[in-house]
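The opening position of the sequence shown corresponds to residue 13 in our numbering, with each subsequent residue numbered one higher.
Just so you know, even glycine gets a beta-carbon here, dropped at the ideal spot from N, CA and C.
What you are looking at is a predicted structure, and each value in this text was computed from that prediction instead of being measured.
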Amino acid sequence: MTTKKQLMDYVVDDAVDLFVLLKSADVRTAKNGKPYIAMVFEDRSGEISGKYWDASPTDIDSYVAGRVVHLQGKREKYQTHPQIKIMHLRLAEPKDGLTPDDFIEQAPMSRAAMEDYINQTIFEIEQPTWQRLVRKLMTTYREAFFTYPAAKSNHHAFRGGLAFHTISILKLAHSVVQQYPDLNASLLFAGAILHDLGKTIELSGPEATTYTLAGNLIGHIVLIDGELVRACDPLKLDPQAEDVLLLRHMILSHHGLLEYGSPVRPALREAEVLHQLDELDASIMMLDTVVSHTAPGDFSERVFAMDGRRFYRPTQPEHPTTSTD
13 MTTKKQLMDY VVDDAVDLFV LLKSADVRTA KNGKPYIAMV FEDRSGEISG KYWDASPTDI
73 DSYVAGRVVH LQGKREKYQT HPQIKIMHLR LAEPKDGLTP DDFIEQAPMS RAAMEDYINQ
133 TIFEIEQPTW QRLVRKLMTT YREAFFTYPA AKSNHHAFRG GLAFHTISIL KLAHSVVQQY
193 PDLNASLLFA GAILHDLGKT IELSGPEATT YTLAGNLIGH IVLIDGELVR ACDPLKLDPQ
253 AEDVLLLRHM ILSHHGLLEY GSPVRPALRE AEVLHQLDEL DASIMMLDTV VSHTAPGDFS
313 ERVFAMDGRR FYRPTQPEHP TTSTD
């Protein structure tokens, strides 16, 4: 049985010929004054950008995010970044039998398994105020939480990525509280579950993900803090009580630095741990993605979110077998 070639299977100078999803399509103006479309193509293997030059009004109306297209072109590299030189593009037709869901990357964990893990961890939150608030907010945003990505592009940018990222942090948190038993496990678990829940308001969804107006103007950290305060009312909780303020601080400080979007820097041990675990998981996911698309013995493309650094993929086996001699 022959496996169909996917987007990231092509290497530099390969002729590209396949159906893909238009993840984004931004209309821009070239130096010659003519419009072009900056596109990002996606399938379940990853994503690559390309530029559609001299776009006509019809092209601009047709090639919009969320549409399946048949792409023909050439795989190239520009300033360490992979791209597709577009030779021909057309919209998929009904006879092709394709939908956007056929191309959207999925979390490497089933929804049922993710729901079980989150439910079990909520049960482990022993402090009643925090457990009630987590249950209330998770009930409100449950469907989006288990289907949305964790970001538009940088990390966990796939269907279910938000829940998978949260669970990755929770797994790390479970290990950390074993190593450092004086940490407040309930506060760390509650903060981890809620820290990115505002992305269900900040982002538009798993298909052709973009930022909402609220996401652009306010951001997910402040958005979910507002929802947490609002949830206090039906639960008869005081948003200025210390236990509520501790949980709010976990959310508000998890980006670590003011210049990265946190209104405050971590001022609790648990808040500092959450920030560090969030950074670790996001970084590992970005590195896994970029290194997996790099040939052994070569350096990756530059990772913008990691100071534009490039990372080397060793030629040695990544998972060597253990000798029994």
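Coil, strand or helix - residue i by DSSP
| i | result |
| --- | --- |
| M13 | Here M13 scores only 37 on pLDDT, less than 50, and its place in the model is too uncertain to base an answer on. |
| R281 | helix |
| V24 | coil |
| S335 | Only weak support is given to the placement of S335: the predicted model assigns it a pLDDT of 45, under 50, and the value that follows is read from those uncertain coordinates. Correct three-state label for S335: coil. |
| H266 | coil |
| A317 | helix |
| I213 | helix |
| M150 | helix |
| D208 | coil |
| G231 | coil |
| R325 | coil |
| F311 | strand |
| Y129 | helix |
Euclidean distance between Cα positions of residue i and residue j
| i | j | result |
| --- | --- | --- |
| H207 | F158 | 15 Å |
| H186 | I49 | 45 Å |
| R147 | S274 | 24 Å |
| G45 | A27 | 29 Å |
| I213 | Y324 | 36 Å |
| E254 | Y129 | 28 Å |
| L257 | C244 | 11 Å |
| D237 | L259 | 9 Å |
| L103 | S216 | 23 Å |
| K17 | S57 | 10 Å |
| K211 | D38 | 22 Å |
| L240 | L145 | 7 Å |
| A156 | A125 | 16 Å |
| L292 | E105 | 42 Å |
| D113 | Q252 | 44 Å |
| D21 | R321 | 23 Å |
| L249 | L286 | 24 Å |
| L247 | K86 | 58 Å |
| V234 | G173 | 21 Å |
| Q95 | D25 | 11 Å |
| Y90 | I60 | 11 Å |
| E88 | V23 | 8 Å |
| T152 | R123 | 17 Å |
| P278 | L19 | 41 Å |
Top-ranked residue by Cα proximity to residue i, from the options
| i | options | result |
| --- | --- | --- |
| I181 | S165, L200, K164, A169 | L200 |
| L280 | G238, T301, L195, E271 | L195 |
| P120 | E136, H82, A175 | A175 |
| L269 | T327, E284, F316, I134 | E284 |
| K183 | A204, L149, L249 | A204 |
| H167 | A37, I296, V303, K17 | I296 |
| T41 | S61, E59, D113, I72 | I72 |
| T133 | K89, A169, T92, I179 | I179 |
| P326 | K164, V315, V303 | V303 |
| L299 | V52, H287, E313 | E313 |
| Y160 | L83, L229, E117 | E117 |
| L290 | N228, V188, V315, F316 | As written in the sequence, residue 290 is Asp, which differs from the Leu given in the question. Of N228, V188, V315, F316, the residue nearest in Cα terms is V188. |
| M353 | T70, K97, L229, H267 | Examination of residue 353 is not possible in this model, given that the chain is present from 13 through 337 alone. |
| E54 | P47, L83, W142 | L83 |
| E219 | G227, Q190, F115, L19 | F115 |
| M262 | E282, L229, E271 | E282 |
Identified DSSP bridge partners for residue i
| i | result |
| --- | --- |
| A50 | D38, K63 |
| V32 | V81 |
| R102 | H82 |
| H93 | Y90 |
| G58 | D55 |
| R171 | Q118 |
| Y223 | L215 |
Residue-chain proximity (residue i, chain D), Cβ-Cβ < 9 Å
| i | result |
| --- | --- |
| F31 | Any reference to chain D falls outside this structure, which holds one protein chain only. |
* Asked: Is the stretch 18-37 touching the stretch 72-92 in the sense that three or more CB pairs, one from each, lie closer than 8 Å?
  -> At 8 Å Cβ cutoff, the stretches touch.
* **Cβ pair count under 8 Å reaching 3, the stretch 60-75 against the stretch 107-115** => no
* Asked: Is the stretch 291-309 touching the stretch 214-234, taking contact as three or more C-beta pairs under 8 Å?
  -> No: fewer than three Cβ pairs fall under 8 Å.
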